[in-house]
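In my numbering, the protein residues as written are 265 to 729. In this text, a Cβ means the ideal position worked out from N, Cα and C, and glycines have one as well. The next block holds one structure in the form of structure tokens; read it before the comments.
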Amino acid sequence: MNNTATQNANIALNGDYITALAGWDACKPPYTSSHMRICVTAAKIILEHTKKPRRSKYERSHFLRIDFSKAGKVTFYAEFPKIMELKGKKLGEWPELTLHIAREKALSMKAGGLRAESVNAVIECYEQDLAAKVGRHKLSEASYKTYLCRTKQVRLAFGDRVVFSDVSYQQIIAVLDTWVSTKSNNHALELFAELRRIWKFAAPQYCDGRNIAASVPDDYISSRVQRPTPTRLYTDLESIAQLWINVAACTSIQQKNAVRFMILTGVRPININNLRWEYVNEEILEIIYPAGITGMRGAMKTQKEFRVPITPAIKTLLQEQAEWRDAAKGCNRDFVFLQPRNPNEAFSKRSLDKLVKDYSPEGAIKGARHDGTVKGRTGAFNTMCRKFFKSNVIVQMRAQGFSRSDTREISQICLHHSDRSIDPMAEHYDFSDEILQEEMALKRQAFGAHESSIMAQVALQRRKI
């Protein structure tokens, strides 16, 4: 019966192989340039006989592995024990990279603690940090969701196995160039900013403080795309009055009153969504959006308290909402405006844009359209009520004899726009308004004039029908 071979045949022990093996073994660390030349010659012969692609020498005291190929190529690698949880890395090739420099590089990596986390793993840590900020009320839920949409795009730009500490400047540039060619102008700018935030967060811990993204010029994206600008579209009193009339046809009282409240107050859609009954003070006829404090985020974008006077039309609107709430069973009793299809949830801020768009009369949008806008490319629906409120307050207050500068300041107060350039420390030291209540008096006058002008135009247009 024939014998079956279970292992490779022994290597023929000729004189060249024995001599090369002896020379290889005679080279002991720490290695020198002479050792490198001896090992290169010996490795060629040994690898030819063993039929293997490479052979290595080690300097464990310097965390160095020296790889010899059968072609005579010598490559230095940093290699660390598993207990150190550090990723090995290619350092360079000999003789371009000397032994002395290779040792320094390996030791510096060991001292810096370069790690082997992937880009995806680092992004997960970044997202966990964002979630913790939400828990500490330093970041809103809406902003958190927006950041997650951006981190998802950053994650997709890198492979699953790309090590964060291995990402090169050229790779970052390639990703940015892809975004410039495939994303909208504003989206590319947002993703670039998010990528920089990720690297700034992670570089100290996962890349020995080496922040590659910070090396990219600040204008790398903005110099290649048109910087987005706000739309210059607007509307007028007649169109707003017609919108007021048209929303009476809404299928839900929630929709009608939400749009009308936005027309009367000029607040952002988020402040329709987050308006609670506890903010409504019927005794002094005010709606008070609370300020942000430790452990709680404020209701407004500026995180400062905002007092809205309750005018007659706003009072009527709130009474309708209260009557609906008291008559309904099982609805949410915390928020003023509720979703028509799901009264257990607050009114959706995104649906407000569609309602204004659907019920606005033809020709309501004035001004020239242009590309490259942040929002409102095809219409001013996102901010139409807010824009009109500011413009109309200025017009109405001018008609009452206020100066041009005064009307602009009043409109700024009514829209809760902050102006730190005038007196950046005023919020900490100026409490004159708490004493005199001048600001609220001006608000009542401005909100009242704004409301009266709309109601007069509504009555006029109803008579024309």
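Residue of the options minimising C-alpha distance to residue i
i: leucine 679; options: Leu528, Pro481 and Ser382; result: Leu528
i: glutamate 546; options: Ala586, Ala513 and Ile485; result: Ala586
i: lysine 416; options: Ile462, Val572, Ile629 and Arg540; result: Ile462
i: serine 448; options: Val439, Gln490 and Asn475; result: Gln490
i: arginine 496; options: Ser320, Ala632 and Lys337; result: Ala632
i: arginine 614; options: Gln435, Arg571 and Ala406; result: Ala406
i: lysine 707; options: Pro573, Ile309 and Leu363; result: Pro573
i: leucine 724; options: Glu502, Lys565, Ile629 and Arg561; result: Glu502
i: asparagine 475; options: His714, Val431 and Val531; result: Val431
Where the beta strand (DSSP E) through residue i begins and ends
i: alanine 342; result: 338–342
i: tyrosine 322; result: 318–323
i: valine 572; result: 570–573
i: lysine 353; result: 353–358
i: arginine 329; result: 328–333
Cβ neighbour criterion (16 or more within 10 Å) applied to residue i
i: threonine 671; result: buried
i: lysine 728; result: exposed
i: glutamine 701; result: exposed
i: glutamate 368; result: exposed
i: asparagine 606; result: exposed
i: glutamate 542; result: exposed
i: cysteine 413; result: exposed
i: glutamine 271; result: For glutamine 271, the pLDDT reaches just 42, beneath the cut-off of 50, and the residue's location in the model is therefore unreliable, leaving the point undetermined.
i: proline 533; result: buried
i: aspartate 280; result: exposed
i: alanine 276; result: With a pLDDT of 48 at alanine 276, under the threshold of 50, the predicted position of this residue should be treated as unreliable, and no value is reported.
i: valine 759; result: It is not possible to answer for residue 759, since the shown part of the chain is limited to 265 through 729.
i: histidine 364; result: exposed
i: valine 426; result: exposed
i: glutamine 392; result: exposed
i: tyrosine 433; result: exposed
i: glutamate 312; result: exposed
i: serine 325; result: exposed
Endpoints, alpha helix (DSSP H) assigned at residue i
i: tryptophan 508; result: 501–510
i: isoleucine 557; result: Element bounds for isoleucine 557: n/a, residue is neither H nor E.
i: phenylalanine 653; result: 648–663
i: aspartate 670; result: 668–678
i: alanine 723; result: 702–728
i: phenylalanine 525; result: 517–529
i: threonine 296; result: Premise fails: threonine 296 is in no alpha helix (DSSP H) and is neither H nor E.
i: histidine 451; result: 449–470
i: leucine 412; result: 405–421
i: glutamine 435; result: 433–446
i: isoleucine 578; result: 576–591
Whole-Å CB distance - residue i paired with residue j, under 8 Å assumed
i: proline 293; j: glutamate 323; result: 5 Å
i: alanine 370; j: phenylalanine 327; result: 5 Å
i: valine 383; j: phenylalanine 422; result: 4 Å
i: valine 657; j: isoleucine 674; result: 6 Å
i: asparagine 537; j: alanine 610; result: 5 Å
i: alanine 452; j: valine 386; result: Wrong, their Cβ atoms sit about 22 Å apart, outside the cutoff.
i: arginine 650; j: glycine 530; result: 5 Å
i: phenylalanine 456; j: isoleucine 485; result: 5 Å
i: proline 625; j: asparagine 535; result: The Cβ separation is near 25 Å, so there is no contact.
Beta bridge counterpart(s) of residue i as assigned by DSSP
i: lysine 630; result: Tyr498
i: tryptophan 288; result: Paired residues: none, contrary to the question.
i: asparagine 545; result: Glu550
i: phenylalanine 599; result: Arg540
i: serine 382; result: Val427
i: alanine 610; result: Leu602
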